[in-house]
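The numbering of the sequence shown is the numbering used here, which starts it at 845 and goes up by one. The structure appears right after this line, and notes come after that.
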Amino acid sequence: MPKYFGTDGVRAVAGKFPLVEDFITKLGYCALKEIEKQSCPSGKDVIIAEDSRASGKEIADYLARGIRAAGYNAVHIGVAPTPAASFLTQKHKAVCGIVISASHNPAEFNGIKFFSPLGCKINEDLEADIEKAIEACSSVPPEVAGTNFVYKKELINDYVDFLKSTFPKDINLKGTKIVLDCANGASYQIAPRVFKELGAEITALNVNPDGLNINYNCGALHTEGMQNATKENKAFMGFSFDGDADRLIASDELGRQLDGDNVIAAAALYLKSKNALKGGKAVLTIMANLGLINFLKANGIEPVLTKVGDKYVFEALDKENLSIGGETSGHVIFRDISQAGDGILCALQLLSIVKYSGKPASYVKDLWTKYPLKLVPVKVSEKTPLEQIDGFLPYVEELQKNMGAKGRIVVRYSGTEPLLRILVEGEDKTLVEENASKVADFYLSKIKAGV
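Written as structure tokens, this is what we have:
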């Protein structure tokens, strides 16, 4: 079981272990030494990006010391989306990419995640090797002479050009009203720039980061403002990004939310119609709505289910050479275009699909019907393995059995927060809500009783 890495890098409240100077410096040093063993890099540059959190600069300084001690240059591209680091790492043949971000979490959190030279998240085996190296590292040596820590914010222009190149040249966005909610985060400059340069008429929300307001009542986790603005401005569509802009939640012209499941349904169907859906499959996580799973099956598209986490989605896409996959939360990977989930890229692809349909965006919302679901987060002080909680899993299995074939219960610990997540869905809304409460109550009763 990982000690420091979760489903998306190392994450904690900034200034509290493990996000403290000694650990961060060791992480930078040990990560580069382990990556060096695996990839034998010819270059010396490490691409670094951060979101808009106040703690980002200090973490970057600590990381850079470790990177330079390992004999490499820290090349910082400034405040930029996570997928920008992925793209630029690959384009410029960097040793690896590092993003300082806690994604959708509140401003007091931060995190560190790594990308391989190919621009994809590093695998769990490498994470385990890095953790072992950190445990064995008593101190980090001095920085190697000749290495540097430099800012090259101009590199972001390459990423902007890439994003624009993915949008079809035969679609004219002149006069198309688009609402963008940038969550006071990493996309606050780039997203409006991309859409404006493509000709769209932009209403930009939450583009004034102050280091503390990232994700605060805005962005992909709080889309009401974006949805209302889309409807009130009579916009064609609206798009909300999370703090590091690797996920997207959209709105149709009626102000109705379109999540990752909606995006995947529309994209998979479109790609299939163009004979471009490799393998005839779409990758989803176990949290995908049953309505989506049944919709895909009904349209001759086989769903492939993975654990929660975009790195698991990518692994499944890569293993079978598939085209599209993602999470309900809005992480969607168009693998034929990018190695990473990318909120801005996803928005452009969804916009092009809707434009090609000749219909309003509401057609995406109405493609299929979601099953009623209840998601209950339970705060935990420690993540006791579920199989070690007396009678818990058999209890969940019995409730699941009673729901029949068109209902399910998924129980898992969050990889990034101290939470047990309980998902129940099915055709009967009342039964769904009752079972969600039963599972939560049973779990808490066992934990209080000492398991």
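Think of the CB as a built atom: it goes at the ideal place given N, C-alpha and C, for glycine as much as any other residue.
Contacting residues, own chain, Cβ-Cβ under 8 Å from residue i (five flanking each side not counted)
i: Val890; result: Leu876, Ile911, Tyr916, Asn917, Ala918, Val919, Ala938, Val939, Cys940, Gly941, Ile942
i: Gln1244; result: Gly1251, Arg1252, Ile1253
i: Lys1141; result: Pro1147
i: Pro846; result: Glu968, Glu971, Ala972, Glu975
i: Arg1037; result: Val1004
i: Leu1113; result: Asn1143, Ile1145, Leu1211
Per-residue burial, residue i [other beta carbons within 10 Å of its own, 16 or more giving buried]
i: Thr1129; result: buried
i: Gly1169; result: buried
i: Glu799; result: Because the chain here runs from 845 to 1295, residue 799 falls outside it and cannot be looked at.
i: Pro1012; result: exposed
i: Glu878; result: buried
i: Thr1074; result: buried
i: Leu1192; result: buried
i: Gln934; result: buried
i: Asp1234; result: exposed
i: Cys1062; result: buried
i: Ala1293; result: exposed
i: Val1176; result: buried
Residue range of the beta strand (DSSP E) that includes residue i
i: Met1081; result: 1081-1085
i: Lys1118; result: Per DSSP, Lys1118 belongs to no beta strand (DSSP E) and is neither H nor E.
i: Tyr1257; result: 1251-1257
i: Thr1150; result: 1146-1150
i: Gly1170; result: 1168-1170
i: Gly900; result: Here Gly900 belongs to no beta strand (DSSP E); instead the alpha helix (DSSP H) covers 900-913.
i: Lys847; result: From DSSP, Lys847 is part of no beta strand (DSSP E); its letter is neither H nor E.
i: Lys1155; result: Element bounds for Lys1155: not the beta strand (DSSP E) but the alpha helix (DSSP H), 1154-1164.
i: Leu1267; result: 1263-1270
Residues of its chain near residue i, where Cβ-Cβ distance is below 7 Å and the 5 sequence neighbours each way are ignored
i: Pro1221; result: Leu1263, Arg1265
i: Ala904; result: Ile892, Glu894, His920, Ile944
i: Lys1042; result: Residue 1042 is actually Leu in this sequence, not Lys. Once the five neighbours on either side are set aside, the close Cβ partners of Leu1042 are Lys1008, Phe1011, Leu1017.
i: Val923; result: Glu894, Asp895, Ser896, Ala1030
i: Leu1115; result: Leu1121, Ser1167, Ile1168
i: Lys1218; result: Val1268, Val1276, Glu1277, Ala1280
i: Thr991; result: Arg912, Gly915, Tyr916, Asn917
i: Asp866; result: none
Whether residue i touches residue j by CB criterion (8 Å)
i: Ala1079; j: Lys1021; result: yes
i: Cys1190; j: Val1268; result: no
i: Gln1101; j: Ser930; result: no
i: Asp1025; j: Phe953; result: no
i: Cys964; j: Tyr873; result: no
i: Ser1095; j: Met1131; result: no
i: Val1276; j: Pro1216; result: yes
i: Tyr1003; j: Ala1064; result: no
i: Thr1213; j: Gly1087; result: no
i: Thr1382; j: Tyr906; result: Residue coverage of the chain in this structure runs from 845 to 1295, which leaves residue 1382 outside it and unanswerable.
i: Ala913; j: Val864; result: no
i: Gly1082; j: Val1152; result: no
i: Gly1174; j: Gly1104; result: yes
i: Lys1040; j: Ile1034; result: no
i: Asn1133; j: Thr1172; result: yes
i: Asn1059; j: Pro950; result: yes
Boundaries (first-last residue) of the alpha helix (DSSP H) holding residue i
i: Tyr995; result: Unbroken run through Tyr995 is the beta strand (DSSP E), 993-995; no alpha helix (DSSP H).
i: Asn1246; result: 1236-1247
i: Val1198; result: 1187-1201
Neighbourhood of residue i by C-beta, 6 Å cutoff - its chain only, sequence neighbours within 5 removed
i: Tyr1239; result: Phe1286
i: Gly853; result: Gly955, Ile956, Lys957
i: Val1198; result: Ala1205
Cutoff 8 Å: residue i Cβ touching any chain C Cβ
i: Pro1036; result: Checking the listed chains, one finds no chain C in this structure; it contains a single protein chain.
The ligand MG heavy atom lying under 7 Å from the CB of residue i
i: Ala1142; result: Ligands in the displayed structure: none, and consequently the ligand MG is not present.
- Task: Could you name each continuous beta strand (DSSP E) segment of 3 residues or more that falls completely within the region 989-1076, going from the start of the chain to the end?
- Result: 993-995, 1021-1025, 1045-1049
- Go through the region 912-970 residue by residue and report every complete run of the alpha helix (DSSP H) that reaches 4 residues or more, in order. 926-935
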